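Residue numbers -25 to -1, 1 to 432, in mature numbering (1 follows the signal peptide of the UniProt record, and there is no 0), belong to the letters of the sequence shown in order. Just so you know, even glycine gets a beta-carbon here, dropped at the ideal spot from N, CA and C. As the structure is a computational prediction, the values presented were derived from the model and not from experiment.
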Amino acid sequence: MFHTSRLGKTALALFLSLSAGSALAAISPQQAEQLKTSLTPMGAERAGNAAGTIPAWTGGITQAPAGYKPGQHHPDPYAADKPLFTVTKANLDQYKAHLTPGQIALFTSYPDTFQMPVYPSRRSGSAPQWLYDNTLKNATSAKLLEGGSGFADAYGGVPFPVPKDGVEVLWNHITRYRGIYVVRRASEAPVQRNGSFALVTSQQEGFFNYYRPGGQFADLKNILFYYLAFVKSPARLAGGAALVQETLDQLKDARQAWIYDAGQRRVRRAPNLAYDTPIASSDGLRTADDTDLFNGSPDRFDWKLKGKQEIYIPYNNYKVGSPDVKYAQLLTPGHLNPQYTRYELHRVWVVEGTLKPGSRHIYSKRVLFLDEDSWGAALVDQYDGRGELWRVSMAYLKNFYDLPTTWSALDVFHDLQARRYYVQNLDNEEASTVDFSQPVPEDSYFMPSALRQRGTR
(Lines of atoms letter the chains of each structure in order from A and count residues from 1; the text may use other names and numbers.)
(Lines give C-alpha, C1' and ligand atoms only; values in the text may rest on other atoms or scores of the structure.)
Protein backbone atom coordinates (compact mmCIF):
# COMPACT_ATOMS: atom_id res chain seq x y z
CA MET A 1 0.00 0.00 0.00
CA PHE A 2 0.97 3.61 -0.59
CA HIS A 3 2.80 5.82 1.87
CA THR A 4 3.67 9.33 0.83
CA SER A 5 5.28 12.15 2.80
CA ARG A 6 7.98 12.41 5.46
CA LEU A 7 5.29 13.65 7.81
CA GLY A 8 3.87 10.18 7.62
CA LYS A 9 0.97 11.40 5.51
CA THR A 10 0.58 7.95 4.14
CA ALA A 11 -1.30 7.96 0.91
CA LEU A 12 -2.06 5.29 -1.59
CA ALA A 13 -1.84 1.61 -1.97
CA LEU A 14 -2.68 0.71 -5.59
CA PHE A 15 -4.00 -1.93 -7.67
CA LEU A 16 -6.28 -0.47 -10.36
CA SER A 17 -7.11 1.59 -13.44
CA LEU A 18 -9.10 2.87 -16.42
CA SER A 19 -11.84 3.17 -19.08
CA ALA A 20 -12.90 5.41 -22.04
CA GLY A 21 -12.57 5.51 -25.77
CA SER A 22 -13.27 2.94 -28.47
CA ALA A 23 -13.42 -0.65 -27.24
CA LEU A 24 -11.50 -3.52 -28.80
CA ALA A 25 -13.24 -6.89 -29.15
CA ALA A 26 -13.19 -9.60 -26.47
CA ILE A 27 -12.38 -13.26 -27.16
CA SER A 28 -14.89 -15.78 -28.51
CA PRO A 29 -16.92 -18.21 -26.37
CA GLN A 30 -14.91 -21.03 -27.93
CA GLN A 31 -11.66 -19.47 -26.74
CA ALA A 32 -13.14 -18.93 -23.27
CA GLU A 33 -13.92 -22.64 -23.01
CA GLN A 34 -10.19 -23.19 -22.47
CA LEU A 35 -10.76 -21.94 -18.89
CA LYS A 36 -12.60 -25.20 -18.24
CA THR A 37 -10.09 -27.50 -19.93
CA SER A 38 -6.46 -26.72 -20.70
CA LEU A 39 -6.36 -23.51 -18.67
CA THR A 40 -7.15 -22.88 -15.00
CA PRO A 41 -10.18 -20.71 -14.18
CA MET A 42 -7.72 -17.79 -13.92
CA GLY A 43 -6.07 -18.41 -17.29
CA ALA A 44 -2.87 -20.27 -16.36
CA GLU A 45 -1.77 -23.54 -17.96
CA ARG A 46 -3.19 -26.43 -15.96
CA ALA A 47 -0.45 -28.83 -17.01
CA GLY A 48 3.00 -28.95 -15.49
CA ASN A 49 6.11 -28.42 -17.56
CA ALA A 50 7.83 -31.06 -19.69
CA ALA A 51 10.72 -31.42 -17.25
CA GLY A 52 8.40 -32.18 -14.35
CA THR A 53 9.88 -29.34 -12.30
CA ILE A 54 6.61 -27.38 -12.36
CA PRO A 55 3.62 -29.50 -11.29
CA ALA A 56 0.11 -29.41 -12.71
CA TRP A 57 -2.39 -27.09 -11.03
CA THR A 58 -4.93 -29.09 -9.02
CA GLY A 59 -6.83 -26.32 -7.27
CA GLY A 60 -4.22 -24.80 -4.98
CA ILE A 61 -4.84 -24.15 -1.29
CA THR A 62 -8.60 -24.37 -0.71
CA GLN A 63 -8.87 -23.76 3.04
CA ALA A 64 -7.00 -22.35 6.01
CA PRO A 65 -5.25 -24.72 8.46
CA ALA A 66 -7.31 -26.02 11.36
CA GLY A 67 -7.49 -23.52 14.19
CA TYR A 68 -6.53 -20.50 12.11
CA LYS A 69 -8.46 -17.32 12.98
CA PRO A 70 -8.78 -14.17 10.82
CA GLY A 71 -6.09 -11.62 11.56
CA GLN A 72 -3.56 -14.15 12.83
CA HIS A 73 -0.17 -14.50 11.22
CA HIS A 74 -0.34 -17.25 8.63
CA PRO A 75 1.14 -20.62 9.65
CA ASP A 76 3.34 -22.02 6.88
CA PRO A 77 1.52 -24.90 5.15
CA TYR A 78 4.85 -26.01 3.64
CA ALA A 79 7.01 -25.71 6.74
CA ALA A 80 8.34 -29.24 6.26
CA ASP A 81 9.75 -28.48 2.80
CA LYS A 82 13.53 -28.35 2.41
CA PRO A 83 15.43 -26.43 -0.28
CA LEU A 84 16.27 -28.42 -3.39
CA PHE A 85 19.38 -26.26 -3.82
CA THR A 86 20.57 -22.71 -3.20
CA VAL A 87 21.65 -20.38 -5.99
CA THR A 88 24.78 -18.41 -5.09
CA LYS A 89 27.28 -16.28 -6.97
CA ALA A 90 29.53 -19.36 -7.17
CA ASN A 91 27.02 -21.54 -9.05
CA LEU A 92 25.15 -18.74 -10.82
CA ASP A 93 25.98 -19.88 -14.36
CA GLN A 94 24.28 -23.21 -13.71
CA TYR A 95 20.90 -21.53 -13.10
CA LYS A 96 21.00 -18.38 -15.27
CA ALA A 97 18.40 -19.73 -17.69
CA HIS A 98 15.77 -19.43 -14.93
CA LEU A 99 16.84 -16.04 -13.54
CA THR A 100 15.89 -12.49 -14.49
CA PRO A 101 18.49 -9.80 -15.28
CA GLY A 102 17.55 -8.13 -12.01
CA GLN A 103 18.21 -11.26 -9.97
CA ILE A 104 21.56 -11.75 -11.68
CA ALA A 105 22.41 -8.11 -10.90
CA LEU A 106 21.71 -8.71 -7.20
CA PHE A 107 24.20 -11.58 -7.20
CA THR A 108 26.73 -9.28 -8.83
CA SER A 109 26.05 -6.45 -6.37
CA TYR A 110 26.15 -8.66 -3.26
CA PRO A 111 28.27 -11.69 -4.26
CA ASP A 112 29.07 -12.74 -0.70
CA THR A 113 25.60 -12.50 0.82
CA PHE A 114 22.75 -12.65 -1.72
CA GLN A 115 21.39 -16.17 -2.15
CA MET A 116 18.23 -17.79 -3.45
CA PRO A 117 17.09 -20.97 -1.70
CA VAL A 118 14.96 -22.85 -4.25
CA TYR A 119 12.21 -25.11 -2.92
CA PRO A 120 9.84 -27.60 -4.56
CA SER A 121 7.31 -25.76 -6.71
CA ARG A 122 3.90 -25.64 -5.06
CA ARG A 123 1.10 -24.29 -7.23
CA SER A 124 -0.77 -23.01 -4.23
CA GLY A 125 -2.65 -20.28 -6.13
CA SER A 126 -6.41 -20.26 -5.62
CA ALA A 127 -9.43 -17.94 -5.50
CA PRO A 128 -13.12 -18.17 -4.56
CA GLN A 129 -15.49 -19.92 -6.96
CA TRP A 130 -17.48 -16.73 -7.53
CA LEU A 131 -14.32 -15.07 -8.83
CA TYR A 132 -13.76 -17.98 -11.24
CA ASP A 133 -17.38 -17.58 -12.43
CA ASN A 134 -16.94 -13.84 -12.97
CA THR A 135 -13.66 -14.41 -14.80
CA LEU A 136 -15.38 -16.75 -17.26
CA LYS A 137 -17.99 -14.05 -17.95
CA ASN A 138 -15.33 -11.36 -18.30
CA ALA A 139 -13.44 -13.43 -20.87
CA THR A 140 -16.13 -12.83 -23.50
CA SER A 141 -17.31 -9.38 -22.41
CA ALA A 142 -14.21 -7.38 -21.35
CA LYS A 143 -13.01 -4.90 -23.94
CA LEU A 144 -9.67 -3.13 -23.94
CA LEU A 145 -10.14 0.52 -24.78
CA GLU A 146 -8.31 2.10 -27.66
CA GLY A 147 -4.74 2.88 -26.74
CA GLY A 148 -4.88 0.53 -23.74
CA SER A 149 -5.94 3.31 -21.39
CA GLY A 150 -8.48 1.09 -19.71
CA PHE A 151 -11.16 -1.53 -20.20
CA ALA A 152 -14.92 -1.87 -20.08
CA ASP A 153 -17.50 -4.54 -19.26
CA ALA A 154 -15.56 -6.59 -16.73
CA TYR A 155 -16.24 -6.89 -13.01
CA GLY A 156 -15.27 -8.94 -9.97
CA GLY A 157 -12.67 -11.15 -11.64
CA VAL A 158 -9.74 -11.30 -14.04
CA PRO A 159 -10.69 -9.08 -16.99
CA PHE A 160 -8.51 -10.80 -19.61
CA PRO A 161 -7.81 -14.43 -18.59
CA VAL A 162 -6.77 -15.24 -22.18
CA PRO A 163 -4.71 -12.12 -22.97
CA LYS A 164 -3.81 -11.02 -26.46
CA ASP A 165 -1.23 -8.34 -25.61
CA GLY A 166 0.88 -6.82 -22.87
CA VAL A 167 -1.61 -4.16 -21.79
CA GLU A 168 -4.25 -6.80 -21.07
CA VAL A 169 -1.78 -8.70 -18.88
CA LEU A 170 -1.00 -5.43 -17.09
CA TRP A 171 -4.69 -4.87 -16.32
CA ASN A 172 -4.94 -8.38 -14.92
CA HIS A 173 -2.20 -7.45 -12.46
CA ILE A 174 -3.73 -4.08 -11.57
CA THR A 175 -7.19 -5.49 -10.87
CA ARG A 176 -6.21 -8.83 -9.32
CA TYR A 177 -8.15 -9.99 -6.27
CA ARG A 178 -6.92 -9.00 -2.81
CA GLY A 179 -10.14 -9.26 -0.87
CA ILE A 180 -13.07 -6.87 -0.64
CA TYR A 181 -12.28 -4.93 2.54
CA VAL A 182 -8.89 -5.28 4.20
CA VAL A 183 -7.48 -3.86 7.45
CA ARG A 184 -3.77 -4.05 8.14
CA ARG A 185 -1.33 -2.59 10.65
CA ALA A 186 2.14 -2.67 9.15
CA SER A 187 5.45 -0.85 8.85
CA GLU A 188 7.69 0.36 6.05
CA ALA A 189 11.42 0.92 6.20
CA PRO A 190 14.19 2.19 3.95
CA VAL A 191 17.26 0.05 4.70
CA GLN A 192 20.61 1.82 4.44
CA ARG A 193 23.89 0.38 3.14
CA ASN A 194 24.97 -0.66 6.63
CA GLY A 195 21.62 -2.33 7.36
CA SER A 196 20.25 0.39 9.64
CA PHE A 197 16.56 1.23 9.27
CA ALA A 198 13.82 3.36 10.82
CA LEU A 199 10.21 2.15 10.82
CA VAL A 200 7.06 4.11 10.06
CA THR A 201 4.00 2.19 11.25
CA SER A 202 0.44 2.80 10.08
CA GLN A 203 -2.99 1.25 10.04
CA GLN A 204 -4.18 0.77 6.47
CA GLU A 205 -7.70 0.11 5.27
CA GLY A 206 -8.76 -0.62 1.71
CA PHE A 207 -12.12 -1.28 0.09
CA PHE A 208 -11.95 -2.75 -3.42
CA ASN A 209 -14.97 -1.34 -5.18
CA TYR A 210 -14.25 -3.53 -8.23
CA TYR A 211 -15.10 -6.55 -6.05
CA ARG A 212 -18.13 -5.08 -4.26
CA PRO A 213 -20.58 -7.99 -3.78
CA GLY A 214 -23.60 -7.86 -6.06
CA GLY A 215 -22.15 -5.09 -8.21
CA GLN A 216 -21.46 -4.74 -11.90
CA PHE A 217 -19.21 -2.65 -14.13
CA ALA A 218 -21.82 0.10 -14.52
CA ASP A 219 -21.89 0.57 -10.73
CA LEU A 220 -18.20 1.46 -10.39
CA LYS A 221 -18.72 5.15 -11.21
CA ASN A 222 -15.03 5.29 -12.07
CA ILE A 223 -13.87 4.25 -8.57
CA LEU A 224 -11.69 1.17 -8.39
CA PHE A 225 -10.95 1.27 -4.65
CA TYR A 226 -10.83 3.45 -1.54
CA TYR A 227 -7.81 3.60 0.73
CA LEU A 228 -7.27 5.03 4.22
CA ALA A 229 -4.05 5.17 6.26
CA PHE A 230 -3.41 6.40 9.80
CA VAL A 231 0.14 6.84 11.04
CA LYS A 232 0.74 5.29 14.47
CA SER A 233 4.48 5.78 14.96
CA PRO A 234 7.02 7.27 15.38
CA ALA A 235 5.52 9.78 17.80
CA ARG A 236 6.54 12.83 15.76
CA LEU A 237 4.46 11.57 12.83
CA ALA A 238 1.58 9.92 14.70
CA GLY A 239 -1.88 11.27 13.93
CA GLY A 240 -1.30 11.95 10.27
CA ALA A 241 -3.84 10.37 7.97
CA ALA A 242 -4.58 10.02 4.29
CA LEU A 243 -7.56 9.16 2.12
CA VAL A 244 -7.37 8.03 -1.50
CA GLN A 245 -10.16 7.51 -3.99
CA GLU A 246 -8.53 5.54 -6.76
CA THR A 247 -10.18 6.21 -10.08
CA LEU A 248 -10.57 3.54 -12.72
CA ASP A 249 -9.97 5.87 -15.67
CA GLN A 250 -7.10 8.08 -14.53
CA LEU A 251 -6.92 9.91 -17.84
CA LYS A 252 -10.53 11.01 -17.35
CA ASP A 253 -10.36 11.66 -13.58
CA ALA A 254 -7.04 11.77 -11.75
CA ARG A 255 -6.49 9.88 -8.52
CA GLN A 256 -8.11 11.88 -5.68
CA ALA A 257 -6.24 12.18 -2.36
CA TRP A 258 -6.59 14.13 0.88
CA ILE A 259 -4.31 14.30 3.91
CA TYR A 260 -4.98 15.16 7.52
CA ASP A 261 -2.20 17.13 9.21
CA ALA A 262 -2.39 16.40 12.94
CA GLY A 263 -0.31 19.46 13.82
CA GLN A 264 -2.53 21.86 11.90
CA ARG A 265 -5.67 19.83 12.54
CA ARG A 266 -6.90 20.32 9.02
CA VAL A 267 -7.71 18.28 5.96
CA ARG A 268 -6.32 19.41 2.63
CA ARG A 269 -6.07 18.06 -0.88
CA ALA A 270 -2.89 16.17 -1.64
CA PRO A 271 -1.10 16.59 -4.94
CA ASN A 272 -1.83 13.87 -7.46
CA LEU A 273 0.79 11.18 -6.96
CA ALA A 274 1.30 9.32 -10.19
CA TYR A 275 3.91 8.08 -12.63
CA ASP A 276 7.46 8.83 -11.41
CA THR A 277 6.60 11.11 -8.50
CA PRO A 278 9.06 10.08 -5.75
CA ILE A 279 7.56 8.73 -2.53
CA ALA A 280 9.25 10.55 0.33
CA SER A 281 8.65 7.87 2.97
CA SER A 282 10.66 5.46 0.82
CA ASP A 283 13.71 7.76 1.05
CA GLY A 284 13.50 8.21 -2.70
CA LEU A 285 13.68 4.46 -3.45
CA ARG A 286 10.19 4.13 -4.94
CA THR A 287 8.13 6.07 -7.45
CA ALA A 288 4.36 6.37 -7.23
CA ASP A 289 3.85 3.82 -10.01
CA ASP A 290 6.39 1.39 -8.50
CA THR A 291 3.92 0.73 -5.70
CA ASP A 292 2.39 -2.73 -5.93
CA LEU A 293 5.24 -3.31 -8.41
CA PHE A 294 3.14 -1.41 -10.95
CA ASN A 295 -0.03 0.66 -10.68
CA GLY A 296 -1.84 3.52 -12.33
CA SER A 297 -2.22 4.58 -15.93
CA PRO A 298 -0.10 2.63 -18.45
CA ASP A 299 -0.27 5.41 -21.05
CA ARG A 300 3.37 6.60 -20.93
CA PHE A 301 4.81 3.26 -22.03
CA ASP A 302 4.40 1.00 -25.03
CA TRP A 303 3.71 -2.47 -23.63
CA LYS A 304 4.78 -5.63 -25.42
CA LEU A 305 3.89 -9.18 -24.45
CA LYS A 306 7.12 -11.17 -24.68
CA GLY A 307 5.54 -14.53 -23.89
CA LYS A 308 6.23 -16.87 -20.97
CA GLN A 309 9.36 -18.02 -19.19
CA GLU A 310 10.13 -20.44 -16.36
CA ILE A 311 11.70 -18.35 -13.59
CA TYR A 312 12.65 -18.83 -9.95
CA ILE A 313 10.33 -16.33 -8.28
CA PRO A 314 9.55 -15.58 -4.62
CA TYR A 315 6.65 -17.91 -3.77
CA ASN A 316 4.93 -19.26 -0.67
CA ASN A 317 6.92 -16.83 1.47
CA TYR A 318 5.44 -17.40 4.90
CA LYS A 319 8.72 -17.16 6.80
CA VAL A 320 9.38 -13.52 5.88
CA GLY A 321 6.22 -12.54 7.78
CA SER A 322 6.56 -14.95 10.68
CA PRO A 323 6.17 -13.47 14.17
CA ASP A 324 9.19 -15.61 15.12
CA VAL A 325 11.40 -13.48 12.86
CA LYS A 326 12.35 -10.04 14.16
CA TYR A 327 12.92 -7.13 11.82
CA ALA A 328 16.55 -6.92 12.89
CA GLN A 329 17.02 -10.53 11.73
CA LEU A 330 15.19 -10.05 8.43
CA LEU A 331 16.52 -6.66 7.26
CA THR A 332 20.19 -7.21 6.52
CA PRO A 333 22.54 -4.98 4.48
CA GLY A 334 21.73 -5.05 0.76
CA HIS A 335 18.73 -7.41 0.81
CA LEU A 336 16.45 -9.53 2.97
CA ASN A 337 18.14 -12.29 4.93
CA PRO A 338 18.10 -15.31 2.54
CA GLN A 339 17.56 -17.60 5.52
CA TYR A 340 13.89 -16.54 5.54
CA THR A 341 13.14 -16.35 1.79
CA ARG A 342 11.74 -19.00 -0.53
CA TYR A 343 11.92 -19.23 -4.32
CA GLU A 344 10.18 -21.70 -6.61
CA LEU A 345 10.20 -22.39 -10.35
CA HIS A 346 7.02 -21.02 -11.93
CA ARG A 347 5.85 -19.93 -15.34
CA VAL A 348 5.59 -16.18 -15.65
CA TRP A 349 4.17 -13.82 -18.23
CA VAL A 350 6.84 -11.35 -19.39
CA VAL A 351 5.68 -7.84 -20.29
CA GLU A 352 8.08 -5.12 -21.44
CA GLY A 353 7.19 -1.45 -21.27
CA THR A 354 9.24 1.05 -23.29
CA LEU A 355 8.87 4.77 -22.67
CA LYS A 356 6.94 6.41 -25.50
CA PRO A 357 8.67 9.12 -27.54
CA GLY A 358 7.83 12.49 -26.02
CA SER A 359 6.72 11.02 -22.68
CA ARG A 360 8.53 11.74 -19.42
CA HIS A 361 9.56 9.18 -16.81
CA ILE A 362 12.74 8.38 -14.90
CA TYR A 363 12.56 4.83 -16.30
CA SER A 364 13.24 4.26 -19.98
CA LYS A 365 12.08 0.66 -19.74
CA ARG A 366 10.49 -1.67 -17.23
CA VAL A 367 10.09 -5.44 -17.57
CA LEU A 368 7.45 -7.24 -15.48
CA PHE A 369 7.49 -10.95 -14.63
CA LEU A 370 3.97 -11.97 -13.57
CA ASP A 371 2.95 -15.22 -11.86
CA GLU A 372 0.69 -17.09 -14.28
CA ASP A 373 -1.49 -18.51 -11.49
CA SER A 374 -2.41 -15.16 -9.89
CA TRP A 375 -1.46 -12.40 -12.40
CA GLY A 376 0.54 -10.73 -9.63
CA ALA A 377 3.88 -9.25 -10.65
CA ALA A 378 6.59 -11.15 -8.79
CA LEU A 379 9.61 -9.29 -10.19
CA VAL A 380 10.16 -6.04 -12.08
CA ASP A 381 13.38 -4.76 -13.67
CA GLN A 382 13.57 -0.98 -14.20
CA TYR A 383 16.08 0.75 -16.48
CA ASP A 384 17.39 4.32 -16.32
CA GLY A 385 17.58 6.89 -19.11
CA ARG A 386 20.87 5.41 -20.32
CA GLY A 387 19.26 2.01 -20.72
CA GLU A 388 21.12 0.53 -17.74
CA LEU A 389 19.43 -1.68 -15.16
CA TRP A 390 18.77 0.54 -12.15
CA ARG A 391 16.12 -0.85 -9.82
CA VAL A 392 14.77 -4.30 -9.06
CA SER A 393 11.42 -4.83 -7.34
CA MET A 394 10.32 -8.10 -5.73
CA ALA A 395 6.97 -9.25 -4.35
CA TYR A 396 7.38 -12.10 -1.86
CA LEU A 397 4.18 -13.93 -2.77
CA LYS A 398 2.12 -16.30 -0.65
CA ASN A 399 -1.43 -17.61 -0.49
CA PHE A 400 -3.64 -15.66 1.93
CA TYR A 401 -5.73 -18.76 2.46
CA ASP A 402 -8.34 -16.99 4.59
CA LEU A 403 -9.78 -15.58 1.32
CA PRO A 404 -8.09 -17.39 -0.57
CA THR A 405 -5.86 -15.42 -2.91
CA THR A 406 -2.20 -15.01 -3.84
CA TRP A 407 -0.79 -11.67 -2.71
CA SER A 408 2.49 -10.29 -1.43
CA ALA A 409 3.75 -10.85 2.10
CA LEU A 410 6.36 -8.13 1.52
CA ASP A 411 7.26 -5.82 -1.35
CA VAL A 412 10.97 -4.98 -1.63
CA PHE A 413 12.47 -2.28 -3.86
CA HIS A 414 16.20 -2.46 -4.60
CA ASP A 415 18.26 0.45 -5.94
CA LEU A 416 21.37 -1.12 -7.46
CA GLN A 417 23.17 2.21 -7.80
CA ALA A 418 22.46 3.51 -4.29
CA ARG A 419 22.92 -0.01 -2.82
CA ARG A 420 19.91 0.54 -0.57
CA TYR A 421 16.46 -1.01 -0.48
CA TYR A 422 13.00 -0.30 0.85
CA VAL A 423 10.45 -2.72 2.34
CA GLN A 424 6.67 -2.42 2.65
CA ASN A 425 4.09 -4.35 4.71
CA LEU A 426 6.29 -5.49 7.59
CA ASP A 427 4.01 -6.90 10.29
CA ASN A 428 6.08 -9.62 11.98
CA GLU A 429 6.24 -7.67 15.25
CA GLU A 430 2.58 -6.64 15.20
CA ALA A 431 0.01 -8.52 17.28
CA SER A 432 -1.98 -9.35 14.13
CA THR A 433 -1.60 -9.27 10.38
CA VAL A 434 -3.99 -8.64 7.48
CA ASP A 435 -7.64 -9.00 8.46
CA PHE A 436 -10.20 -9.56 5.70
CA SER A 437 -13.08 -10.39 8.08
CA GLN A 438 -14.19 -6.90 9.13
CA PRO A 439 -17.59 -5.65 7.90
CA VAL A 440 -17.42 -3.27 4.94
CA PRO A 441 -18.11 0.33 6.01
CA GLU A 442 -20.54 2.64 4.24
CA ASP A 443 -19.12 4.66 1.35
CA SER A 444 -19.31 7.80 3.53
CA TYR A 445 -16.51 6.30 5.62
CA PHE A 446 -14.15 7.00 2.73
CA MET A 447 -15.06 10.68 2.26
CA PRO A 448 -12.89 13.72 3.18
CA SER A 449 -15.48 14.85 5.73
CA ALA A 450 -14.80 11.71 7.78
CA LEU A 451 -11.02 12.01 7.67
CA ARG A 452 -10.40 14.62 10.37
CA GLN A 453 -12.47 12.88 13.06
CA ARG A 454 -10.45 9.70 12.57
CA GLY A 455 -7.00 11.21 12.05
CA THR A 456 -6.12 12.03 15.65
CA ARG A 457 -3.03 11.52 17.76
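Counting C-beta pairs closer than 8 Å gives fewer than three between the segment 259 to 276 and the segment 154 to 161, which falls short of the contact rule.
Ranking 320, 138, 78 and 403 by CA distance to the CA of residue 356 puts 78 first.
The beta carbons of residue 184 and residue 199 sit closer together than 8 Å.
Assignment of beta-bridge partners to residue 176 by DSSP yields 162 and 208. Contact between residue 375 and residue 45 fails: their C-beta atoms lie close to 10 Å from each other, not under 8 Å. Under the three-state reduction of DSSP, residue 367 is assigned to strand.
Residue state for residue 251 is assigned as coil, using DSSP reduced to three classes. Within the same chain, and ignoring the five residues on either side of residue 304 in sequence, the residues whose Cβ sits closer than 7 Å to its Cβ are 312. The segment 60 to 77 and the segment 332 to 340 do not touch, with fewer than 3 CB-CB distances between them shorter than 8 Å. Residue 11 counts as exposed, since fewer than 16 other beta carbons sit within 10 angstroms of its beta carbon. In the DSSP assignment, residue 119 falls within the beta strand (DSSP E) that extends over 118 to 120. Excluding its 5 nearest sequence neighbours in each direction, residue 283 has C-beta neighbours in its own chain below 8 Å: 322, 323, 324, 325 and 347, listed in chain order. The secondary-structure analysis by DSSP pairs residue 386 across a beta bridge with 370 and 399. Each residue's CA atom was taken as its position, placing residue 209 and residue 370 some 26 Å apart.
The alpha carbon of residue 225 has as its nearest neighbour, out of 144, 90 and 250, the alpha carbon of 250. In this structure, residue 102 and residue 136 do not form a Cβ contact; the two beta carbons are roughly 11 Å apart against a cut-off of 8 Å. Contact between residue 146 and residue 126 holds, with the beta-carbon distance rounding to 6 Å and staying under 8 Å. Within the model, the alpha-carbon separation for residue 112 versus residue 285 is close to 29 Å. Counting of Cβ neighbours within 10 angstroms places residue 31 among the exposed residues, the total staying below 16. Where residue 83 is concerned, the enclosing alpha helix (DSSP H) starts and stops at 76 to 84.
The closest CA to that of residue 380, considering only 307, 272 and 154, is found on 154.
The three-state reading of DSSP puts residue 11 in helix, counting H, G and I together. Using a 10 angstroms sphere on the CB of residue 386, the tally of other CB atoms reaches 16 or more, which defines it as buried. With contacts defined by Cβ atoms closer than 8 Å, residue 118 and residue 1 form a contacting pair. In this model, residue 366 and residue 408 are separated by some 28 Å (Cα to Cα).
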